[in-house]
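For the sequence shown, my numbering gives the first residue as 109, with consecutive numbering after it.
See structure below.
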Amino acid sequence: MHDAKQHPSSSDAAFDPSTATIVAVTFNRSGLLARLLTSIGEMDPKPGHVVVIDNASTDDTTEVVEAFREQIGTELVYRRLETNTGGSGGFSAGMQTAYDLGSEWMWLMDDDVEVIPDGLTKMGRWSTRFRSIQGRRYDFDGSEFYWQYRIAARMGIPIPFAPAEFDESGYKEMNSGCFEGMFIHRDIVRQIGLPDPRFFIYWDDQVYGWLASRITTSVIVNEFVLRRTREIKQWDMGVRHMNASSDNYRYYIMRNRSLIKQYYRSVGFYRPIPFALGTAATFAKELIRLVVVERTVRGTSNLFRGLRDGRDIARDRGWMPMPPLDRQSCPTPRAGS
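Set out below in structure tokens:
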């Protein structure tokens with residue numbers, strides 16, 4: 109599974125940009141989406157397709173997308189969902205659309221980023237060696253954004269101080285994933301299935317990246333390919349930052365721990381004690397975020413509510429993971445799980 113560690117400069121020509129599809133998910137942020145679409149129009153080379161999944165926006169998102177249809181310079185596929193399915197549902201629908209288009213590579217991103225003009229070339233350099241790849245991002249202020257690319261797998265939580273530096277190989281192995289920049293091959297998607305819409309938001313990309321890392325060598329590469337376009341309130345910890353959150357996020361952060369537990373159970377990876385420690389650490393982190401970043405204690409009820417609602421998910425013995433795309437006979441997960 110592991111490849112020799114060398115920079116892939118000699119394999120640039122092997123990547124065909126037309127086989128890649130950018131999948132962007134948006135919800136009521138047409139201004140940010142317009143910036144993303146503008147940056148895609150300035151890419152060289154461009155992907156074969158751009159898929160925009162609209163989570164039932166009530167603003168002028170449809171009009172904005174249609175205005176870019178002629179000027180973006182590649183085929184634009186727009187799907188407006190009937191209800192807001194969260195980022196999880198949006199990326200699940202987007203990846204299904206890209207897969208059905210025959211895309212070899214799917215590049216996932218939120219609407220609050222811009223693509224660096226040569227970003228696809230940078231990602232393509234690694235495509236002959238790896239099939240689950242994460243590029244790097246600039247933050248809103250132009251600084252280097254640190255993403256927690258390693259998780260303490262048994263605990264199911266990120267390792268916040270995993271080394272940020274790269275050696276001469278230009279990559280580091282990861283066991284996680286982030287839908288803000290994940291670049292993944294259709295063969296991996298075929299084997300592990302689509303992202304799970306039941307998460308709605310939070311932990312979905314970590315679990316998806318972890319599943320991918322179990323069947324392929326997943327890497328984060330020393331290539332800056334995206335730039336954040338939305339400023340988020342942060343607490344500067346010196347070497348890392350902690351972002352502000354919301355009541356909705358707090359609820360799903362705790363509720364979805366039970367979905368992680370179910371995925372762990374489905375592959376025989378779950379161990380009660382370390383996972384419980386990971387849940388306790390997550391709860392403590394969210395309390396710190398409330399007090400230090402948002403300077404309030406209001407919102408703790410959403411953490412407890414998430415834990416409570418997660419119990420029903422954890423107790424559901426009929427729960428099933430998302431099925432592989434090459435096994436049409438597999439039962440699909442129950443909507444109420």
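Think of the CB as a built atom: it goes at the ideal place given N, C-alpha and C, for glycine as much as any other residue.
**Message:** With the cut-off set at 8 Å, would you say L224 and R335 are in Cβ contact?
**Reply:** Sequence check: residue 224 is Ile here, not Leu. Yes, the Cβ-Cβ distance between I224 and R335 is below 8 Å.
**Item:** beta strand (DSSP E) segment containing E183, residue limits
**Value:** E183 to R188
**Item:** Touch test, the region 256-263 against the region 228-237, Cβ-Cβ under 8 Å, three pairs minimum
**Value:** The region 256-263 vs the region 228-237: no contact.
**Message:** Less than 8 Å between the beta carbons of F332 and Y246, yes or no?
**Reply:** Yes, the Cβ-Cβ distance between F332 and Y246 is below 8 Å.
**Item:** Residue nearest to R397 in terms of C-alpha spacing, selected from M151, Y357 and M214
**Value:** Y357
**Asked** Using the C-alpha atoms, what's the distance from P268 back to M345?
**Response** In this prediction, M345 scores a pLDDT of 48, lower than 50, which makes its location untrustworthy; the coordinate-derived value is nonetheless stated afterwards. Distance between the alpha carbons of M345 and P268: 11 Å.
**Asked** Given a threshold of 16 other Cβ atoms within 10 Å of its Cβ, counted over all protein chains shown, does P271 qualify as buried or as exposed?
**Response** exposed
**Prompt:** Does DSSP classify Y279 as helix, strand or coil?
**Reply:** DSSP, reduced to helix, strand and coil, places Y279 within a strand of the structure shown.
**Request:** Using the Cα positions of K154 and A384, report the straight-line distance between them to the nearest angstrom.
**Result:** 45 Å
**Prompt:** Within this structure, are the beta carbons of P432 and R298 separated by less than 8 Å?
**Reply:** yes
**Message:** Distance check for N136 and P382, CA to CA, integer angstroms please.
**Reply:** Distance between the alpha carbons of P382 and N136: 39 Å.
**Runs of alpha helix (DSSP H) lying entirely within the region 367-423, each at least 4 residues, in chain order** = Here the runs fully enclosed are 380-396 and 408-423.
**Prompt:** Between M151 and G227, which are expected to be in contact by the criterion C-beta below 8 Å, what is the C-beta distance as a whole number of angstroms?
**Reply:** The Cβ separation is near 7 Å, so the contact holds.
**Closest residue to L144 among F238, E288 and A201 (Cα-Cα distance)** = Checking every option, the nearest Cα to that of L144 belongs to E288.
**Message:** Less than 8 Å between the C-beta atoms of T456 and V172, yes or no?
**Reply:** Outside the modelled stretch of the chain, which goes from 109 to 445, sits residue 456, for which no answer is possible.
**Prompt:** With a Cβ-Cβ cutoff of 8 Å, do G250 and V329 count as a contact?
**Reply:** no
**Asked** What residue does the alpha helix (DSSP H) around N356 start on, and which one ends it?
**Response** D355 to R363
**Message:** Strictly by DSSP, which residues pair up with E222?
**Reply:** R335
**Asked** Exposed or buried, which one is D420 when buried takes at least 16 other CB atoms within 10 Å?
**Response** exposed
**Prompt:** If you pair each beta-carbon of the region 363-382 with each one of the region 273-283, do three or more pairs fall below 8 Å?
**Reply:** no
**Asked** What did DSSP end up calling S326 once you bin it into helix, strand or coil?
**Response** strand
**Prompt:** Does the distance from the CB of M214 to the CB of V315 come in under 8 Å?
**Reply:** Note that the C-beta distance between M214 and V315 is not below 8 Å.
**Message:** Measuring alpha carbon to alpha carbon, tell me which residue in S409, D434 and A389 is nearest G264.
**Reply:** A389
**Item:** Length of the line joining the Cα atoms of D208 and V399
**Value:** 45 Å
**Prompt:** Looking only at its own chain, which residues have a Cβ that is under 7 Å from the Cβ of R338, when we skip the five neighbours before and after it?
**Reply:** The answer, listed in chain order, is L140, D220 and F248.
**Prompt:** Around the C-beta of Q179, are 16 or more other C-beta atoms found within 10 angstroms, so that it is buried, or is it exposed?
**Reply:** exposed
**Prompt:** Which stretch, first to last residue, makes up the beta strand (DSSP E) that contains Y254?
**Reply:** That residue, Y254, is in no beta strand (DSSP E); it is neither H nor E in DSSP.
**Request:** Using 10 angstroms around the beta-carbon of V327, count the other beta-carbons present and answer buried if the total reaches 16, otherwise exposed.
**Result:** buried
**Asked** Just to confirm, are S165 and P305 a CB contact at a threshold of 8 Å?
**Response** no
**Asked** Which word fits V347, buried or exposed, when buried means at least 16 other C-beta atoms lie within 10 angstroms of its C-beta?
**Response** Residue confidence is low: V347 scores 47 on pLDDT, short of 50, so the model does not pin down where it sits. Its coordinate-derived value is still stated next. Exposed, since its Cβ has fewer than 16 Cβ neighbours within 10 Å.
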